[in-house]
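Reviewing the structure listed below.
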């Protein structure tokens, strides 16, 4: 699996980051967890038990996103990120295949977690979330387009 940074822009005045990641396939968290039967031996007796584990393919996908984000110096280009209390996050997934089989919100979670983990921030600070998926069957690759900005949303009810 290959993920490459296709485009990156940082706007200090707007407090906004725009980036596009190029990948061969966008994974969904539907595939993140799998179940299997594991066995343990206690007192010479072998017993089976159910076990949930993370799919290595999706774990590798999230790691590849984070590795590619290492090519960006967010601290230098976007220092406002660590001074911002709440965020707007917009993500568009451009898919070339399996469009009707991948849930938008499940694609979102894997990407969002990897992005915020890389920044060292908790994604609970997102107060506005916009997600889209588009279908481009003739595309060579699939794309993850991310826009992170400071939230100016008044979320307090008075």
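Residue numbers (our numbering): 533 to 690. All C-beta atoms, glycine included, are put in the ideal place defined by N, C-alpha and C. Bear in mind that the values here come from a model prediction, so they are computed numbers and not experimental data.
Around the beta carbon of residue 541, a 10 Å sphere encloses fewer than 16 other beta carbons of the protein chains shown; the residue is thus reported as exposed.
The Cβ-Cβ distance between residue 659 and residue 687 falls below 8 Å.
Between the segment 622-637 and the segment 658-678, the count of Cβ pairs shorter than 8 Å is three or higher; the stretches touch. The beta-carbon separation of residue 587 and residue 560, rounded to 10 Å, does not stay under the 8 Å limit for a contact.
By alpha-carbon distance to residue 594, the top candidate from 535, 608, 549, 543 is 535. For residue 608, the enclosing alpha helix (DSSP H) has its first and last residue at 606-609.
Less than 8 Å separates the beta-carbon of residue 558 from that of residue 639. When DSSP reads this structure, residue 627 sits in a beta bridge with 667. Taken through DSSP and simplified to helix, strand or coil, residue 675 comes out as strand.
Under DSSP, residue 650 shares a beta bridge with no residue.
Taking C-beta atoms under 8 Å as the contact rule, residue 612 and residue 544 qualify, at a distance of about 7 Å. Residue 647 places its beta carbon 8 Å or farther from that of residue 654.
Counting the other Cβ atoms within 10 Å of the Cβ of residue 627 gives 16 or more, which makes it buried.
Excluding sequence positions up to five before and after residue 636, its CB lies within less than 6 Å of the CB of 663, 665, all in the same chain and listed in chain order.
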